[in-house]
Every structure is written in structure tokens, then in C-alpha cells.
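Working notes, structure below.
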Amino acid sequence: MENNVYYLIKKKKFQLLRNDLDILPPNYVRVQFLYCGICGGDYSCFLGRRTSYPYSLGHEFVATVIDAGKNVTEFSKGDYVISDFNYRCQKCPYCLTGKEHLCIHNDAGYFTNRAFAQYADMHKNYLYNVNSIKNVVRCTLVEPLSCVIHAYNEILQVFNPNCILIVGLGNIGMLFTFYLKSVLKLKSVFVHDVIPEKERRIIELFECTAMDLDNSEKYDLIIDATNSITGAHFCLNIASYAQRYCMMSHLYGLDTSFIYEMICQKEIHPLFPLRNGNRENILLAIQIIHKHWKASYDKTIEVFPISKIQQVFNDKRNLVSNKQVLAINCENDSI
Ligand SMILES: [Zn+2]
Ligand SMILES: [Zn+2]
1 MENNVYYLIK KKKFQLLRND LDILPPNYVR VQFLYCGICG GDYSCFLGRR
51 TSYPYSLGHE FVATVIDAGK NVTEFSKGDY VISDFNYRCQ KCPYCLTGKE
101 HLCIHNDAGY FTNRAFAQYA DMHKNYLYNV NSIKNVVRCT LVEPLSCVIH
151 AYNEILQVFN PNCILIVGLG NIGMLFTFYL KSVLKLKSVF VHDVIPEKER
201 RIIELFECTA MDLDNSEKYD LIIDATNSIT GAHFCLNIAS YAQRYCMMSH
251 LYGLDTSFIY EMICQKEIHP LFPLRNGNRE NILLAIQIIH KHWKASYDKT
301 IEVFPISKIQ QVFNDKRNLV SNKQVLAINC ENDSI
């Protein structure tokens, strides 16, 4: 079957290439992509950090099942599904001890391509049913929310924060604010973004407070969701001695040596959560979006046609929306 995929063919350059689909293997599901959010990890690959080419991107997707292999009983035609493209073998020491996101087969790659594409075939173990979420675009929030849930669970293993500062209000910073304020109902959540409009929107929607630097020692946790070197520098610079710092950015391939120095010099307690933990976090994220996401929160999301993929990535740093989503096989936005 004909399949067109946007591949990153070199640093900062997408190209639409054919990757036709073969006969569907027995444990695989064929999906048609509808929407896919842009993750900080995608953006970091786009910038040329840790990438070989050609490379397909996009994992915050929602898709419909169009065919299922003969061993697949869990999904059927017409189901809405999402994934995180993290393989969980259920047999390795990590899978067996509640750390499935560290599965030694995590990058097994049992799929034809990621989601900035028309279609893909992927192993059924990657997929989760999201039929309960009635608004299809909101399904793209599930995977990044599962990363937020995992990160906060890791923080809670260490201590129970009272006053939290979130820096960077893109996809992850926005969902962190949503989770802490609208789901966990925490009182003291402060936020900051270099783009005032992004910050204003989050303060209004989630009833949190603008960062106050006069007494930054009151924050017992700084969450760095800036996905940038300057953001990391900013956070570590305002951090007090012995403060706790949770880094959500993807800074592979950049000069991050200052992070080590600043952490040591101030005896900062760092936390670098990876991926999204066990599959329960995804199931929980599905329930949370279904139950707690309000229509007004949709203002944080901006949808672009997939044909604009190059431009959206080029402009990403300056966009005033908190989350960017590409529309793939919807109405006029087909590839
Ligand atoms: Zn991601
Ligand atoms: Zn495993």
C-alpha cells in the first residue's frame, strides 16, 4: 500500500518520501494517522542533536485502526489509538521490576515509521485504545502527560514539594501545570515563559501565579521544561543552594558541562526523568484527559496542516501557542 512519510533527511530539513507498506504481519496493526503533536524530543532531533538520517519523527499521535493482523484481538477497525513508541518486552529485568520505560528492548523498532506520515504498521504492544476521549486532537496530550506523571512520581519518591516553579510553558510545561493544578490541586505553583502570551494564557487557564524572583528560595522545586541551554542556565542561575531541580529538556549533543558545574557548586539536587515509566502511566493519562481536560484548555493547542511541517519546526521557538499539533489525514489536510 502506498505510504508517504515526512523524513528528516538532514539537520533542519524534512522531505516527503515513499515508504510503502507490505503485507501486515500477524501481530501488527495498520493505522492511519490523524493528528500528531510535536515533542521537545522531535524538535531536538530536528536541530540535529543525536540523529542519523533519514529519520522519521512524531510519537504524540492519534490514529485510527484500518487493519489488524490475524493474531490481534485487542484492536479492531475504526478504533482510535495512541502510542509512545516505547517497546516493553515484559521479560527483561527492568520490565519485571516496574521500570518498563528502561526496557532493554526499548528501541526494538517494531514499526515501519513514526507518525508524521499517512500510515504505519506497528506491533500491537505499542498501542493503547483512546476511544473514551471524545475529542480526537486531545488524544495527542496523552503521551506527553504520561511523561509528566512519570516525572512527578519520581519527584515524590524523593520528597513532597510545597512550592513549585515551572519554567518553560510549551507542551511539557503546560501539561505539568495542568497536572499539578487541575488534577492534583496543588496550591503553590508558579510559572514562567520568555514569551509573555504563553505565560499569560497558562496563568489564566490553570489559576497559577507568575514567577516572582524576589525570593526565589521559596521554591522547593524548579521544573525546567525550557528544552534549551539558555533555559537550563536560567533555572540553575536562579536556583538557591540545595534546591531541587527537575530537568525535562532534551539537550543531547550540546555543551551541557555548565549544568554539572552549577549543580555541584550550589549542591543542587537534580532529577533527570527519562520517558514515561510503566504503561499504567499512559492508561492514567488517558483517564485524566477524559475526566479533567476542559474545553477552555484547548486554547493552548494550535493545529497546523502537515504540509506546513517544515515551517512549523522552523518557527517553533517563536510560536505563541503552548502546544503545536499537525493535522494529517483530516478534512483538507491530507498528505
Ligand atoms: Zn515525547
Ligand atoms: Zn523489557
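One point on numbering: in the UniProt record's numbering, the residue at position 242 of the sequence shown is 242, and numbering is uninterrupted. Note that CB positions come from ideal geometry on N, CA and C, so glycine has one too.
Proximity below 8 Å, CB of residue i to CB of residue j
i	j	result
S249	S228	yes
Y252	F116	no
I223	C246	yes
S182	H292	yes
N113	N19	yes
V320	V303	no
V191	I203	yes
V136	Y53	no
L236	M211	no
E100	N278	yes
N125	Y94	no
F14	I309	yes
R244	D220	yes
I166	G173	yes
D84	L21	no
N276	F33	no
H233	F272	no
K316	I104	no
Y297	L205	yes
L24	D67	yes
I286	V142	yes
T51	L16	no
K12	G58	no
Y241	E267	yes
N3	Y152	no
residue 366	A225	Since the displayed the chain opens at 1 and closes at 335, residue 366 lies outside it and no answer follows.
Secondary structure of residue i, DSSP reduced to three states
i	result
Y126	helix
F313	helix
S44	helix
I82	strand
D298	helix
F33	strand
T64	strand
T209	strand
I9	strand
Q90	coil
S76	coil
L326	strand
L319	coil
S52	coil
H192	strand
L186	coil
L24	coil
L96	helix
L57	coil
Cut-off 8 Å between Cβ atoms - residues of its own chain near residue i, not counting five sequence neighbours on either side
i	result
L213	I238
V81	V29, V31, V62, A63, T64, V65, F75, L127, Y128, N129 and V130
L96	Q90
Cut-off 6 Å between Cβ atoms - residues of its own chain near residue i, not counting five sequence neighbours on either side
i	result
F313	F46
L180	L186 and V189
P161	D220 and L221
N106	N86 and Y87
M1	L21
Residue i, buried or exposed, once every other Cβ within 10 Å from all chains shown has been counted against 16
i	result
S146	buried
Q157	exposed
K323	buried
G40	buried
Q311	exposed
A295	exposed
G231	buried
Y43	buried
E197	exposed
L284	buried
F159	exposed
Spatial neighbours of residue i in its chain, beta-carbon cut-off 7 Å, leaving aside the 5 residues before and after
i	result
I288	L145 and V183
N281	S146, I149 and H150
A108	Y87
V72	N27, V29 and K124
C139	V62, Y80, I82, V130 and I133
G98	N278
8 Å Cβ cutoff, residue i in contact with chain B
i	result
N237	The question asks about chain B, but that chain is absent: this structure has only one protein chain.
Exercise for review: Mind listing, in chain order, the continuous beta strand (DSSP E) runs of no fewer than 3 residues lying wholly within the region 221-284?
Suggested key: The region 221-284 contains, as complete beta strand (DSSP E) runs of 3+ residues, the segments 221-224, 244-247 and 269-271 (chain order).
Practice item. Pick out the complete alpha helix (DSSP H) segments inside the region 108-183, 4 residues or longer, and give them in chain order. Key: Segments of the alpha helix (DSSP H) lying fully in the region 108-183: 142-158 and 171-178.
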